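Asks: When you line the sequence shown up against my numbering, it's residues 1 to 237, in that order.
Let me begin by handing over the structure; questions about it come next.
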Amino acid sequence: MKILPAIDLKDGQCVRLQKGDYGTAHKVAEDAVQTARGFLAAGATLIHMVDLDGAKDGSHANYDVVRQVIEQTGAAVELGGGIRTMSDVQAVLALGVSRVIIGSAAVRDPELVRQAVAQYGDRIAVGIDARGGTVRTDGWLSDSGEDYLTFAKKMESFGVKTIIFTDIDKDGMLEGPNFEQLGALRRAVSCAIVASGGVTSLSDIQRLRDAGIDAAIAGKAVYTGALDLAQAIKEAE
Numbered sequence: 001m002k003i004l005p006a007i008d009l010k011d012g013q014c015v016r017l018q019k020g021d022y023g024t025a026h027k028v029a030e031d032a033v034q035t036a037r038g039f040l041a042a043g044a045t046l047i048h049m050v051d052l053d054g055a056k057d058g059s060h061a062n063y064d065v066v067r068q069v070i071e072q073t074g075a076a077v078e079l080g081g082g083i084r085t086m087s088d089v090q091a092v093l094a095l096g097v098s099r100v101i102i103g104s105a106a107v108r109d110p111e112l113v114r115q116a117v118a119q120y121g122d123r124i125a126v127g128i129d130a131r132g133g134t135v136r137t138d139g140w141l142s143d144s145g146e147d148y149l150t151f152a153k154k155m156e157s158f159g160v161k162t163i164i165f166t167d168i169d170k171d172g173m174l175e176g177p178n179f180e181q182l183g184a185l186r187r188a189v190s191c192a193i194v195a196s197g198g199v200t201s202l203s204d205i206q207r208l209r210d211a212g213i214d215a216a217i218a219g220k221a222v223y224t225g226a227l228d229l230a231q232a233i234k235e236a237e
């Protein structure tokens, strides 16, 4: 299992939210490039980045920061947030991003996922952000009403190789992942699953690893020091 440390960007700043609430945004690091360098030094091989402004309004305001991280550190990066068209997918790949995460647009325009996977293969991942078992969109602000397991199966049928699953109610709360929903997802699909939201301790990582989860995103716990990234990476392996 891999550990993917997270950098969430809002107005060019490294921030964290609680339960996806933009009103809770608070700065957690001074500089994205330096943060990425620290993650690489701890042994990370892929950094999870989210463009929060893009997720909310479709803007590309943080793309320069993403480009700087990749060019100045050599990091492999996956990026999600506001990717709604094939031109968005192409623009993100042009930044040097290793994997593109399609979220809300996968719900509204499933054909975009089919087309992107046909063209770019496993460089396309789908982000499933759920609350109460249904998929949320628009920076987690809208409820699609679609069951997360049904949606995951549909994405897998399109050839998606990686699903990033977030339980919104766990995100940024340092309370552990939603093991029940992740277990149900693991039984429902055979593609790679990345757990996001609530990953806080080495025991969380052990439990995810033993449940057959392929990767876990570590965010707030790393910034607060609750989770030592280097130890987490060793435990996951």
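Every residue gets a Cβ at the ideal spot worked out from N, C-alpha and C, and that includes glycine.
Quick caveat, the model's predicted, so the values are computed rather than measured.
How about residue 159 and residue 117: do their beta carbons lie closer than 7 Å?
Replies: yes
Asks: CB-CB under 7 Å to residue 33, same chain, minus the five flanking residues each way: which ones, in chain order?
Replies: 68, 69, 72 and 73
Asks: Leaving aside the five residues before and after residue 48 along the sequence, list all residues of the same chain whose C-beta is less than 6 Å from its C-beta, in chain order.
Replies: 4, 6, 78 and 217
Asks: Just curious, the beta strand (DSSP E) that residue 15 is in, first and last residue?
Replies: 13–18
Asks: Shortest alpha-carbon distance to residue 240 belongs to which of 45, 46 and 63?
Replies: Any answer about residue 240 is impossible in this case: the structure gives the chain only from 1 up to 237.
Asks: Do residue 200 and residue 226 count as a contact pair if the criterion is CB distance below 7 Å?
Replies: yes
Asks: May I ask you to verify whether the region 24–42 touches the region 95–113, counting CB pairs closer than 8 Å and requiring at least 3?
Replies: Short answer: they don't touch.
Asks: Rounded to whole angstroms, how far is the Cβ of residue 19 from the Cβ of residue 172, which I believe are closer than 8 Å?
Replies: 6 Å
Asks: Determine whether the beta carbon atoms of residue 236 and residue 1 lie at a separation below 7 Å.
Replies: yes
Asks: At what residues does the beta strand (DSSP E) containing residue 145 begin and finish?
Replies: 142–147
Asks: In the DSSP assignment, find the unbroken alpha helix (DSSP H) run with residue 56 in it and report its ends.
Replies: Segment 52–57, the alpha helix (DSSP H) holding residue 56.
Asks: DSSP state of residue 49, grouped into three classes?
Replies: strand
Asks: Comparing alpha-carbon positions, which option in 65, 46 and 101 lies nearest residue 12?
Replies: 65
Asks: With distances taken from CA atoms, which of 28, 46, 228 and 22 is nearest residue 55?
Replies: For the residues 28, 46, 228 and 22, the minimum Cα distance to residue 55 belongs to 22.
Asks: Within 10 angstroms of its Cβ, does residue 35 collect 16 or more other Cβ (buried), or is it exposed?
Replies: Answer is buried; the Cβ neighbour count reaches 16.
Asks: Should residue 219 be labelled buried (16 or more other beta-carbon atoms within 10 Å of its own) or exposed?
Replies: buried
Asks: Residue 101 and residue 164 look like a contact to me (Cβ under 8 Å); what is the Cβ gap, rounded to whole Å?
Replies: Between residue 164 and residue 101 the Cβ distance is about 6 Å, and since that is below 8 Å, they are a contact.
Asks: Quick one: grab the DSSP three-state call for residue 226.
Replies: coil
Asks: If I measure Cβ to Cβ from residue 176 and keep anything under 8 Å in the same chain, skipping five residues before and after, which residues do I get?
Replies: 170, 198, 199, 200, 201 and 204
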